[in-house]
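Beneath this line is the structure, given in structure tokens, with notes to follow.
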Amino acid sequence: MKRTNLILGVVILLLAAFFIKVGFTKSDEKERGDSKKKVQKKVDAFVVTPSLLTSDITVIGSLVAFDEVKLMNEVAGRVVSINLPEGKSVAKGTLLVKLFDDDLQAALRKLEAQRAIQQRLINRQKQLLQVKGISENDYEQTALQLNIINAGIAEQRALIRKTEIRAPFNGTIGLRNVSVGAVVSSSTMLATIRTNDKIKLDFYVPEKYGSVITVGMPVSFTMYDNNTLFTAKVIATEHGIENSTRNLKVRAMVSSSSRELIPGAFANVNLKLGENKNALMIPSEAIIPDEDNKQLIVANHGKAHFVNIKTGIRQSSKIEVIEGIASGDTIITTGLLFLKEGAKLSYSSINK
């Protein structure tokens, strides 16, 4: 009997201890849950104020020779002489390549001999015509034959000129692709020539800057492999925006003829588009990229409010907002992912 009472007492004590432990555990969990509800995540904020913005953009451009052509022959023939000094300058009109033209020269001499005979004949007939010793019709036939011969001479000289490839302008010869004795077909590229005193700079700007690009606007640029600063001036723009890229092509004239500037080379082009003393610049991390728009979270009476914005010029860590906010607005820069519309805000810092 005593043993039974002892066992029953132990069981009662164990059950009492279990229920006490469960009660305390639930109480602790409730307290922790309540404390979590009371903890509100804090965010950083930024007060928007007007600031000076120097509008400049940097784009990639390429150098282009002011004038550059491929030297090609118009007619087929055998090369009999070459004057293509690679990498050297030549003057406009210099004979660079000569094709075989002995047959053409012989035909020209034949026509010139015929013209001389025909000219003497028409001189005599002119005298006879004055004394009615020849009919006017005979005289006109002789004059017609003389004109035909003169036309043949002009044609022959034109054919001979086609065997001569001359420099179209003052420039520098590139690498030649032909040797004396070679038989070339028409339109064979013999070499290239480009101007050596002028060079152009071509580059593209986004369409939103197209309206501020004007003829005469100064441009600065550096080459890929050095930091030497070169200058140029805009001379023209393309007549429209390219549909595929939404960019505007711009052409500038470089004011230097430095040997460092090689046509075809890339350049880092910088354009200064002016100043805006009242630009609204915000930290770039405050922007929420949306599928259709860019958004910011603005503090509105202590609560989060999402607004759509339009942006302008981007700098290293800030970006210009041109529509959607006003000076004095407080925007949220951290904790953007867990905030929802109308959420209460608690700040850890407010920057200006």
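Heads up, the sequence shown is in the numbering used here, so the first residue is 59 and it goes up one at a time. Beta carbons are placed, not taken as given, at the ideal position from N, Cα and C, and that holds for glycine. None of the values given here were measured: they were computed from a predicted structure.
C-beta atoms of residue i and residue j nearer than 8 Å
i	j	result
F261	D125	no
A149	A225	yes
E144	R234	yes
S139	V238	yes
L111	A337	yes
N141	L153	yes
L306	I345	no
Q214	L162	yes
T388	A357	yes
N326	I115	no
E265	R317	no
V105	P321	no
I299	G268	yes
Q353	I367	yes
I180	L202	no
I223	V127	no
N254	S302	no
Contacts around residue i, its chain only, beta-carbon distance under 6 Å, and the 5 residues preceding and following it disregarded
i	result
K95	Residue placement at K95 cannot be trusted, given a pLDDT of 45 that sits under 50; what the coordinates show is reported in the next sentence. Nothing listed; no residue qualifies.
A294	R309
I408	A103
I390	V101, A103 and I355
V80	Low confidence applies here, because V80 scores a pLDDT of 47, under 50, leaving its location unreliable and the question unanswered by this model.
I186	According to the sequence provided, residue 186 is Leu. The question's Ile does not apply to it. I192.
P108	N336 and S385
R90	Because the pLDDT at R90 is just 47, under 50, the model does not fix this residue reliably, and the point stays unresolved.
S113	L331, G332 and I371
F82	Summary for F82: the model assigns pLDDT 45, below 50, so the residue's position carries little reliability; its value from the coordinates is reported in the next sentence. Excluding positions up to five away in sequence, the list is empty.
D159	I218 and T221
8 Å CB neighbourhood of residue i in its chain, flanking five on each side removed
i	result
A240	R136 and V137
K146	T230 and I231
E399	A362, H363 and F364
S85	Confidence in S85 is poor, its pLDDT being 48 and thus under 50, which makes the residue's placement unreliable; the coordinate value appears in the next sentence. Within the same chain, S85 has no close Cβ partners at all.
S120	L259, D260, F261, G322, A323, F324 and A325
Q183	I192, D196, Y197 and T200
Y405	K100, V101, D102 and A103
L319	L121, I257, M281, F288 and V312
F396	K99
G151	R224 and A225
T369	I345, K352, I377, E378, V379 and I380
G382	L354, V365, N366, I367 and K368
Anticipated Cβ contact below 8 Å, residue i with residue j, distance rounded
i	j	result
M275	K256	About 18 Å separates the two Cβ atoms, so there is no contact after all.
S313	T289	5 Å
K402	G360	6 Å
Q176	I218	Not confirmed; about 21 Å, so no contact.
V273	K220	V273 to K220, Cβ: 39 Å. No contact.
Per DSSP, the bridge partner or partners of residue i
i	result
R252	E126 and T230
H20	Lying outside 59 to 410, the shown extent of the chain, residue 20 is not represented and no answer is given.
A293	Going by the sequence as given, residue 293 is Ile instead of Ala. Beta-bridge pairing links I293 to no other residue.
F396	The partner list for F396 (beta bridge, DSSP) is empty, contrary to what the question assumes.
E333	T112
G119	F261 and A325
I218	Per DSSP, none; premise fails for I218.
Y197	DSSP, once it has assigned bridges, lists no residue as partnering Y197.
Closer than 8 Å to chain B by CB, residue i
i	result
K99	The structure shown contains no chain B; it is built from a single protein chain.
Chain-order list of residues whose beta-carbon lies under 7 Å from that of residue i (same chain, five-residue window excluded)
i	result
I211	L166, L169, E170 and R173
N328	D114, T116, S278 and F279
L394	I346 and I355
K60	Below a pLDDT of 50, predicted positions are generally treated as unreliable, and K60, at 49, falls in that range; no measurement from the model is reported.
Taking contact to mean 3 or more Cβ pairs, one atom from each stretch, closer than 8 Å, check whether the stretch 269–285 and the stretch 237–251 are in contact. no
Would the stretch 376–391 count as touching the stretch 337–353 if we require 3 or more Cβ pairs under 8 Å? Yes: at least three Cβ pairs fall under 8 Å.
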